[in-house]
Every structure is written in C-alpha cells, then in structure tokens.
Amino acid sequence: MAAAAERIASRATAGRRARAVAPLALVLPSFLLAAFVVLWPLWDLTQLATHSVSRFGQLRGFVGLDTFLDVFADADFRAALLRTGVWTVGVVGGTLLVSLPVALVLNEDFYGRGLARVIVMLPWAVSLTMTAVVWRWALNGESGLLNSALQAAGLIDGNVVWLASAATAFPIQIVIGILVSIPFTVTVFLGGLASVPDDLYEAAALEGAGAWQRFTTITWPLLRPFVTIATVLNVIYVFNSFPIIWVLTQGGPANSTDILVTHLYKLAFRVGRMGEAAAVSLVMFAILLAFTALYVRMVLRREA
Amino acid sequence: MRRKLVRSLVAWLVLAPLIVVILFPFAVMLVTALKPAQEVLSPNWWPSEVRLSNFVEMWQATGFGAALLNSVYVALLSTFVTLLVGIPAAYAAARLPFPGQGPYRQFLLVTQMLSPIVLVIGLFRVAAGFGLLDSVSAVGLIYAAFNTAFAVWMLQSYFATIPKDLEEAAWIEGAGWFRALTSVFLPLATPAMTVTAIFTFINAWNEFVIALTLLRSQGSYTLPIQIFSLVAGRYTVEWHHIMAATLLATLPVAVVFAWLQRYLVRGLALGAVK
Numbered sequence: 529m530a531a532a533a534e535r536i537a538s539r540a541t542a543g544r545r546a547r548a549v550a551p552l553a554l555v556l557p558s559f560l561l562a563a564f565v566v567l568w569p570l571w572d573l574t575q576l577a578t579h580s581v582s583r584f585g586q587l588r589g590f591v592g593l594d595t596f597l598d599v600f601a602d603a604d605f606r607a608a609l610l611r612t613g614v615w616t617v618g619v620v621g622g623t624l625l626v627s628l629p630v631a632l633v634l635n636e637d638f639y640g641r642g643l644a645r646v647i648v649m650l651p652w653a654v655s656l657t658m659t660a661v662v663w664r665w666a667l668n669g670e671s672g673l674l675n676s677a678l679q680a681a682g683l684i685d686g687n688v689v690w691l692a693s694a695a696t697a698f699p700i701q702i703v704i705g706i707l708v709s710i711p712f713t714v715t716v717f718l719g720g721l722a723s724v725p726d727d728l729y730e731a732a733a734l735e736g737a738g739a740w741q742r743f744t745t746i747t748w749p750l751l752r753p754f755v756t757i758a759t760v761l762n763v764i765y766v767f768n769s770f771p772i773i774w775v776l777t778q779g780g781p782a783n784s785t786d787i788l789v790t791h792l793y794k795l796a797f798r799v800g801r802m803g804e805a806a807a808v809s810l811v812m813f814a815i816l817l818a819f820t821a822l823y824v825r826m827v828l829r830r831e832a
Numbered sequence: 003m004r005r006k007l008v009r010s011l012v013a014w015l016v017l018a019p020l021i022v023v024i025l026f027p028f029a030v031m032l033v034t035a036l037k038p039a040q041e042v043l044s045p046n047w048w049p050s051e052v053r054l055s056n057f058v059e060m061w062q063a064t065g066f067g068a069a070l071l072n073s074v075y076v077a078l079l080s081t082f083v084t085l086l087v088g089i090p091a092a093y094a095a096a097r098l099p100f101p102g103q104g105p106y107r108q109f110l111l112v113t114q115m116l117s118p119i120v121l122v123i124g125l126f127r128v129a130a131g132f133g134l135l136d137s138v139s140a141v142g143l144i145y146a147a148f149n150t151a152f153a154v155w156m157l158q159s160y161f162a163t164i165p166k167d168l169e170e171a172a173w174i175e176g177a178g179w180f181r182a183l184t185s186v187f188l189p190l191a192t193p194a195m196t197v198t199a200i201f202t203f204i205n206a207w208n209e210f211v212i213a214l215t216l217l218r219s220q221g222s223y224t225l226p227i228q229i230f231s232l233v234a235g236r237y238t239v240e241w242h243h244i245m246a247a248t249l250l251a252t253l254p255v256a257v258v259f260a261w262l263q264r265y266l267v268r269g270l271a272l273g274a275v276k
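If you read the sequences in order, they're chains A and B. Its first residue numbered 529, the first sequence is counted upward by one per residue in the working numbering. Its first residue numbered 3, the second sequence is counted upward by one per residue in the working numbering.
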C-alpha cells in the first residue's frame with residue numbers, strides 16, 4: 529500500500545522534473561546558437577576596445593577607456609556620428625511620412641489594388657546590395673539613365689555628377705533609404721489597418737462623421753501602436769544600414785558621406801585600427817541599447 | 003460602381019509618383035541588360051536592338067552560376083537551422099512556462115536589435131580563430147543565429163493563438179505528446195512557419211556585410227558579394243553584364259515575393275506586432 533503510494537509519488541516527481549527540464553531542453557539550442565554568435569563576438573569587441581591592439585589584432589596591454597577617448601577626440605568619428613543622426617532621422621521620418629498615406633490608399637477597395645500592393649512591396653524582395661548597384665549605375669554622371677530621364681522630363685539641363693559630392697550624394701542616399709524602407713513599413717501599417725473592425729466605421733458613418741473625423745477618432749488611435757513598432761524597428765534597421773552607402777560611395781568622397789557603420793568598417797578593414805573600430809561598435813551598441821530601453825519603457829507604460 | 007471607378011483613379015494618381023520611383027531601377031536594369039555592348043555608355047533609353055545574348059555572356063563573364071549555388075545553399079541552410087532551433091524554443095515559450103523566461107525574452111530582444119554590422123569585427127575574429135573564414139556554412143549558421151530571435155517571437159505569438167484544447171483532445175484520444183504535436187499542433191502552425199521561413203530565406207539571400215567580411219575568395223562568394231565585386235574598385239565595369247546579373251538574381255525572388263506578400267501582411271499582423 530505504502531509502496532504503491534510511494535511509486536505514484538515518485539512518478540509524479542519524475543513527471544514534474546520532466547516538465548521542468550523539457551522547456552529548457554527545447555529552448556537551449558536557440559540560446560546556444562545566438563549566444564555563440566552574439567555574446568562571444570561582443571566579448572571579443574570588449575577585449576579589443578579596452579586593450580592596446582597590434583595591427584594584426586593581437587591584444588597587448590590593458591588600456592581601460594583610452595581607446596574610447598581617442599575615438600571621441602577624432603573629428604571623423606564626430607562627423608560620422610552627426611551624419612548618422614541625420615541619416616536615421618531623415619530616412620525613418622521620410623519613410624513614415626510616405627508610408628502612412630500609401631497604406632491608407634492601399635487599404636481602400638479600388639481596381640488594381642492587388643497589383644498596386646505588389647509594386648509597392650517590390651523593393652523589399654530586392655537585396656539592398658543589388659538596389660544600390662543599380663542606382664550606382666543609374667546615377668552615373670555621363671551615361672546614367674537618371675540624368676537622361678530627368679533631362680527628358682525637363683527637370684535638369686546638363687548632366688549632374690550625383691555621387692561626386694556629399695551635397696548631392698547624401699540626400700540621394702537618404703531617398704534610396706526611404707524607398708527601401710517603405711515596403712516593410714506599409715506592411716506593418718496594413719496589418720494594423722486590417723485589425724480595425726469595420727463596424728466602427730459603419731457606426732461612425734451613421735453618426736455622420738466625415739472622412740477626416742473617422743481618421744482622427746478611429747484609424748489613428750488604433751494604428752498608433754503599429755506606428756510605434758514601425759518607428760522602432762526602422763530606427764534599428766536604418767541606424768545599422770550599411771550597403772546603400774557602402775556600394776554607392778564607400779563613405780566618400782573624402783569621408784563626406786560616412787555614417788558610423790561605414791566609418792567603423794573602414795577603421796577595421798581598411799586601416800587596421802581594430803581597437804578603435806571595436807570601440808565604435810560598442811558605442812553603437814550602447815546607443816541601440818538605450819533606444820531599446822526607452823522603447824520598452826514606453827510600451828510598458830502604455831500597457832500599465 | 004462609378005464611385006469605385008473614381009476612387010480607383012484617385013488611388014492610382016496618389017500612388018503614381020512612388021510607383022515611378024520604385025519601377026525606375028527595374029527599367030534601368032532591363033534597358034541596360036538588353037543593350038549591345040557598344041551602346042551601354044550612351045545614355046539613351048532605347049537600344050538599337052535587343053541583345054538577349056547578354057544574359058548568356060554574363061553567365062560566363064560574371065561567375066553567376068557558382069555564386070547562385072552559394073546563395074541558394076546559404077539561404078536554405080540558415081532557413082533550416084533557424085526553424086530547427088526556433089520552433090522548439092517558441093513552443094516552449096508559448097506552452098511550457100519555464101524559469102528564466104523573462105531574461106530569455108530580453109536576450110532575444112537584444113540579439114534582434116544587434117545587426118551583424120555592429121558585431122562584424124568580433125565575428126570576423128571568432129571565425130578566423132576557428133579557421134572558418136571563407137566557409138559558406140559558417141556564414142549560413144551566423145545568419146541562422148541572427149534570425150532566431152525574430153523566428154521565436156513570431157512563432158511564439160502565433161503558437162499562443164492555437165487553442166490548447168485541440169492538443170488535449172488528441173491526448174484524450176490516446177495520442178502521445180509527440181504525436182499530438184506533429185499531427186495536430188504543427189499543421190495548424192504552418193502559416194507562421196511559412197512566413198518565418200520566407201523571411202529568413204530572404205534575409206540570408208540578401209545579406210551583405212557578413213558575407214563581404216567572411217567570404218574571402220571568389221569561389222565562396224554569394225550573389226550580392228559577387229556582383230559588388232564586379233563594380234567596386236575596377237577600371238572598366240561591364241554594366242550590361244552586371245545589370246543582366248542583377249535582373250536575373252532579382253526576378254525569381256520578386257516573383258515568389260509578389261505571390262506570397264499577402265501572407266506577409268497577415269503574418270505580421272498576427273505575429274510581429276503583438
């Protein structure tokens with residue numbers, strides 16, 4: 529009798545133990561993979577940034593935060609940091625401004641909506657590298673098809689050498705950045721619009737609300753969380769975005785279109801200043817972390 | 003009926019400027035890819051004749067086939083590995099509460115936020131330390147790791163919407179835990195797994211900076227790197243070959259994408275934004 533009860537009890541404990549262990553076993557592979565690829569390099573970057581490093585990447589003495597001080601004293605770094613701000617705000621702001629009306633239009637029922645949606649999503653399917661390569665050719669000063677198209681449309685007179693100076697290259701890069709960020713943003717907004725129940729609009733229409741009123745009282749409040757998520761994800765993508773600037777100008781001419789990612793890439797793989805490049809990486813990591821923390825707090829406050 | 007016609011006209015008019023800008027690069031690709039070599043540098047839109055043979059020459063001249071194989075391999079590998087580690091983790095996160103779930107989710111959030119470029123120096127050194135420079139498989143595993151966070155978030159929020167009763171009903175009818183999982187739960191979760199797979203595949207297909215840094219020899223280049231290498235730091239750039247190559251690399255993905263984009267809208271509405 530007692531033995532049977534014991535057996536049942538021990539089976540129950542075994543079951544409990546299995547239930548406690550099973551989820552960990554299921555989660556572990558994903559954790560190990562991500563940890564190996566994220567935490568290890570992060571640790572390595574910390575080592576690089578706090579030690580004196582030879583040209584071949586060997587660690588010498590511990591230097592504490594000296595490398596960071598060197599980095600902040602560097603005018604190229606400060607210029608790239610500032611330009612990263614302009615780049616991020618410009619691309620994300622422009623993307624949101626274009627995407628909202630586009631999503632509202634694509635959410636309406638009209639002839640050819642399926643086709644219009646496919647066209648608007650299209651840049652998403654093309655790799656940034658390919659997009660940038662094609663634009664590099666289209667922007668070519670003598671033979672580029674952008675110049676001939678703009679001349680045919682009567683918008684410019686002579687050929688413009690777009691990529692030769694930052695004054696034209698950087699705004700163009702921002703426009704391309706906006707263009708490739710629109711599909712994802714529109715998709716998020718369309719998802720949000722699809723979640724707005726139709727009967728709300730019907731009720732509002734019965735009450736005699738106009739289109740603008742329906743937008744401000746129904747659509748916008750329900751869409752707000754989607755705007756937040758799109759903003760946050762776009763800031764992260766755009767802040768880290770490398771191919772457009774790298775393929776078009778490699779940060780040139782004379783570092784005048786560098787943002788932090790291209791600046792750090794050159795430091796590491798062109799001039800071999802691994803320590804400083806690692807420090808720039810960690811500064812970027814800190815900025816991203818602060819931004820994410822801010823976002824998480826915003827979300828928590830809204831949920832509370 | 004007439005109202006819809008008017009609405010359609012307005013909609014297309016509003017979208018027209020954006021559509022022109024979106025289609026412009028495709029037009030550039032197409033026109034340049036079809037031009038005879040000697041007309042490439044003249045900035046006229048219409049070639050005197052259509053040279054389809056550019057595509058054949060391009061295949062040889064750009065090493066397209068080998069790069070295509072590398073791209074397919076790396077994208078399939080990373081999609082497979084992402085799902086392999088992501089599905090169990092998402093299942094556990096959605097169904098079996100475990101100690102440390104909060105920190106685990108935060109850890110995923112951080113990996114989601116860290117794009118490869120921030121870690122590229124560390125990744126380069128770790129890969130070099132293991133003798134994995136130039137290894138296409140290593141690049142595939144790195145992509146898988148960077149996609150895991152998104153996959154787990156996405157799958158978990160979808161898994162949570164599948165009613166538990168369905169699995170429990172299967173248990174009552176005598177199915178084991180594993181049987182219930184494979185014949186009841188996973189089939190219901192197919193849409194989310196499809197969206198996750200497409201995302202991972204496209205991310206891996208398009209990734210630039212890791213491939214640029216870790217793949218050192220032409221035999222291991224993926225398509226974006228191969229095409230970039232034909233443009234960067236060369237005196238003469240064969241633009242008609244390169245545009246033919248970008249067109250060929252772009253069209254299949256664009257077609258598949260166009261076909262699947264409604265699932266993406268639905269999937270994102272269900273998953274990522276919860």
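We treat Cβ as the ideally placed atom computed from N, Cα and C, and that holds for glycine. Since the model is a prediction, treat every value here as computed from it, not as a measurement.
In this structure the region 654 to 669 of chain A touches the region 752 to 771 of chain A; the number of beta carbon pairs closer than 8 Å is three or more.
Its chain contains Ala608 as the residues whose beta carbon lies nearer than 6 Å to that of histidine 791 (chain A), once the 5 sequence neighbours on both sides are disregarded; these appear in chain order. Taking a Cβ-Cβ threshold of 7 Å, the residues of chain A close to isoleucine 21 (chain B) are Ile647, in chain order.
Here alanine 213 (chain B) has Val141, Thr224, Pro226, Ile227 as same chain residues with Cβ atoms under 7 Å from its own Cβ, once five neighbours each way along the sequence are excluded. Chain-order list of chain A residues neighbouring proline 27 (chain B): Thr659, Val662, Trp663, Ala666, by C-beta distance under 7 Å. Listed as beta-bridge partners of histidine 579 (chain A) by DSSP are A:Phe590.
Taken through DSSP and simplified to helix, strand or coil, threonine 150 (chain B) comes out as helix. The shortest C-alpha to C-alpha distance from proline 651 (chain A) to any of A:Phe819, A:Ala737, A:Leu810, A:Thr713 is the one to A:Thr713.
The DSSP-derived three-state label of valine 799 (chain A) is coil. For leucine 816 (chain A), the neighbours in chain B by C-beta distance under 8 Å run, in chain order, Met115, Leu116, Val120. Identification of residues in the region 798 to 812 of chain A having a C-beta nearer than 8 Å to some C-beta of chain B yields Met802, Ala805, Ala806, Ser809, Met812, given in sequence order.
Fully contained in the region 589 to 664 of chain A is no beta strand (DSSP E) run of length 3 or more. A distance below 9 Å separates the beta carbons of valine 120 (chain B) and valine 789 (chain A). With fewer than 16 other Cβ atoms from the protein chains shown falling within 10 Å of its own Cβ, threonine 184 (chain B) counts as exposed.
For valine 620 (chain A), the CB contacts under 6 Å within the same chain, skipping 5 residues up- and downstream, are Asn762, Val763, Val766 in chain order. Near chain A, meaning a CB-to-CB distance below 9 Å, the residues of the region 218 to 234 of chain B are Leu225, Pro226, Ile227, Ile229, Phe230, Leu232, Val233, Ala234.
Among the CB atoms of chain B, one or more fall inside 9 Å of the CB of serine 676 (chain A). Interface with chain B (9 Å Cβ-Cβ cutoff): aspartate 572 (chain A) is included. Within the region 163 to 189 of chain B, contact with chain A at the beta-carbon level (separation under 7 Å) is assigned to no residue.
Alanine 13 (chain B): member of the alpha helix (DSSP H) spanning 4 to 36, first to last residue. At a cut-off of 9 Å between C-beta atoms, tryptophan 61 (chain B) does not count as an interface residue with respect to chain A. Within the same chain, and ignoring the five residues on either side of serine 676 (chain A) in sequence, no residue has its Cβ closer than 7 Å to its Cβ.
Between valine 581 (chain A) and the set B:Ser159, B:Arg127, B:Arg264, B:Val154, the nearest pair of CA atoms involves B:Arg127.
For alanine 677 (chain A), the enclosing alpha helix (DSSP H) has its first and last residue at 673 to 680. Around the beta carbon of valine 775 (chain A), 16 or more other beta carbons sit within 10 angstroms, so the residue counts as buried. As summarised for the region 23 to 111 of chain B, there are no continuous beta strand (DSSP E) elements at least 3 residues long confined to that stretch. In terms of Cβ geometry, valine 76 (chain B) and alanine 247 (chain B) do not form a close pair [threshold 9 Å]. Residue environment analysis places isoleucine 174 (chain B) among the exposed positions, since fewer than 16 neighbouring C-beta atoms fall within 10 angstroms of its C-beta. It is roughly 26 Å from the alpha-carbon of isoleucine 746 (chain A) to the alpha-carbon of serine 709 (chain A). Interface flag for tyrosine 729 (chain A) against chain B is unset, since no Cβ pair is found closer than 9 Å. In the three-state reduction of the DSSP assignment, tyrosine 223 (chain B) falls in the coil class. One finds Ile24, Pro27 in chain B with Cβ atoms closer than 9 Å to the Cβ of proline 651 (chain A), taken in chain order. By the criterion of a C-beta distance shorter than 6 Å, phenylalanine 605 (chain A) is surrounded in its chain by Val599, once the five residues flanking it on both sides are discounted.
Annotated as distal: valine 808 (chain A) and leucine 125 (chain B), with beta-carbon spacing of 9 Å or more. For arginine 9 (chain B), the residues of chain A that pass the 7 Å Cβ criterion are Glu636, Phe638, in the order they occur in the chain. The DSSP assignment places complete alpha helix (DSSP H) segments of no fewer than 4 residues inside the region 727 to 776 of chain A at 739 to 742, 748 to 767, 771 to 776, in order along the chain.
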